[in-house]
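Each residue of the sequence shown is one higher than the one before, starting from 0 at the first, in numbering that gives the first Met the number 0.
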Amino acid sequence: MKLDSNLDEINALGDDHIGTSTNTPMREDAFEISNEEKIDIIKADVKHIMETLGLDLNDDSLKGTPNRVAKMFVKEIFSGLDPRNKPSASTFDNKYKYGEMLVEKNITVYSTCEHHLLPIVGRAHVAYISNGTVVGLSKMNRIVDYFSNRPQVQERLTIQIVKELQKVLNTEDVACVIDAKHLCVNSRGIRDVDSSTVTSEFGGKFKEKETRREFLDYIKLDTTF
Ligand SMILES: Nc1nc2c(ncn2[C@@H]2O[C@H](COP(=O)(O)OP(=O)(O)OP(=O)(O)O)[C@@H](O)[C@H]2O)c(=O)[nH]1
Ligand SMILES: [Zn+2]
């Protein structure tokens, strides 16, 4: 079943899914089936994986897993693939003429590594300098959450957050630092439990050494998550 909204309309809502390298790679037909259809297909796929592993799907504890995983993928941890779930970011006039940087720090990041589909857990720190517009504080947390709810690489997540805030706030002066643990590094493979990954994107004035320093001083990277 084709959805009412075609991809052009969905893209108009969102962040231009198809095109530049900072966009999440998605197929043209990504929204040609409904969420309910996606859940049904993924449920059968998860069941197949579990059966292939030799698990008994008649077991009380296991029988609900395929449906649970399918719903979790579509409605929760990958819900940010759908621009219709993008938070509306209410903006206001900067009537106080506040001209310094605003930093929203220690925003919780729960994302999923797109190479292994394992969790990425950490913190994002976001800052901007107003160009006449301010955004509700919680909207920054919501934007981080929206882009985190996709299969991700941390570099792209960082850039997507900055680009979205630049669009919402109509200024280049936006920065984001993310410090996160990748369970694909911590719990398997090299199994380095203590390492974490820091990424940053500095736009506009944040490319200047002093502005960048002020931001980094405010966030004083705390890695106790
Ligand atoms: N740049 C980048 N790499 C990531 C991210 N998340 C995971 N990776 C890496 O992606 C790489 C995938 O490499 P492969 O060699 O194909 O995968 P693998 O054989 O499972 O590698 P190991 O993890 O070393 O066992 C790994 O080195 C991961 O650590 C991320 O957000 N950014
Ligand atoms: Zn991984």
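No residue lacks a Cβ here, since even glycine has one placed at the ideal position from N, Cα and C.
Whole-angstrom distance between residue j and residue i, CA atom to CA atom
{"i": "Leu215", "j": "His124", "result": "9 Å"}
{"i": "Gly63", "j": "Ile48", "result": "14 Å"}
{"i": "Leu56", "j": "Asp44", "result": "13 Å"}
{"i": "Glu154", "j": "Arg26", "result": "21 Å"}
{"i": "Lys70", "j": "Lys37", "result": "9 Å"}
{"i": "Asp58", "j": "Thr90", "result": "51 Å"}
{"i": "Glu103", "j": "Ala126", "result": "6 Å"}
{"i": "Glu213", "j": "Pro86", "result": "29 Å"}
{"i": "Val167", "j": "Val73", "result": "26 Å"}
{"i": "Ser137", "j": "Asp193", "result": "30 Å"}
{"i": "Gly135", "j": "Leu101", "result": "11 Å"}
{"i": "Thr198", "j": "Ile160", "result": "12 Å"}
With 16 other Cβ atoms within 10 Å as the buried cut-off, status of residue i
{"i": "Thr111", "result": "buried"}
{"i": "Thr157", "result": "buried"}
{"i": "Val68", "result": "buried"}
{"i": "Glu163", "result": "buried"}
{"i": "Asp28", "result": "exposed"}
{"i": "Tyr217", "result": "exposed"}
{"i": "Val184", "result": "buried"}
{"i": "Gly79", "result": "buried"}
{"i": "Tyr97", "result": "exposed"}
{"i": "Leu52", "result": "exposed"}
{"i": "Ile189", "result": "exposed"}
{"i": "Ser147", "result": "buried"}
Paired residues, beta bridge with residue i - DSSP
{"i": "Met100", "result": "Ile128"}
{"i": "Val197", "result": "Asp178"}
{"i": "Ser137", "result": "None; Ser137 has no bridge partner."}
{"i": "Pro24", "result": "DSSP lists no partner for Pro24."}
{"i": "Val120", "result": "Tyr109, Lys180"}
{"i": "Val152", "result": "DSSP output for Val152 lists no bridge partner at all."}
{"i": "Val173", "result": "Tyr127"}
Close beta carbons around residue i, own chain, < 6 Å, minus the five adjacent residues each side
{"i": "Thr170", "result": "Asn130"}
{"i": "Thr23", "result": "Arg149"}
{"i": "Asn140", "result": "Ile106"}
Contacting residues, own chain, Cβ-Cβ under 8 Å from residue i (five flanking each side not counted)
{"i": "Leu54", "result": "Leu61"}
{"i": "Asn66", "result": "Ile38, Lys42"}
Cut-off 7 Å between Cβ atoms - residues of its own chain near residue i, not counting five sequence neighbours on either side
{"i": "Phe201", "result": "Ala174, Arg211"}
{"i": "Val152", "result": "Glu113"}
{"i": "Gly121", "result": "Val108, Ile177, Asp178, Ala179, Lys180, Ser195, Phe224"}
{"i": "Asn93", "result": "Ser129, Gly131, Thr132, Val133"}
{"i": "Tyr145", "result": "Gly79, Asn84, Lys85, Pro86"}
Practice problem: Counting only runs of 4+ residues fully inside the region 37-105, write out the alpha helix (DSSP H) ranges in chain order. | Solution: 64-70
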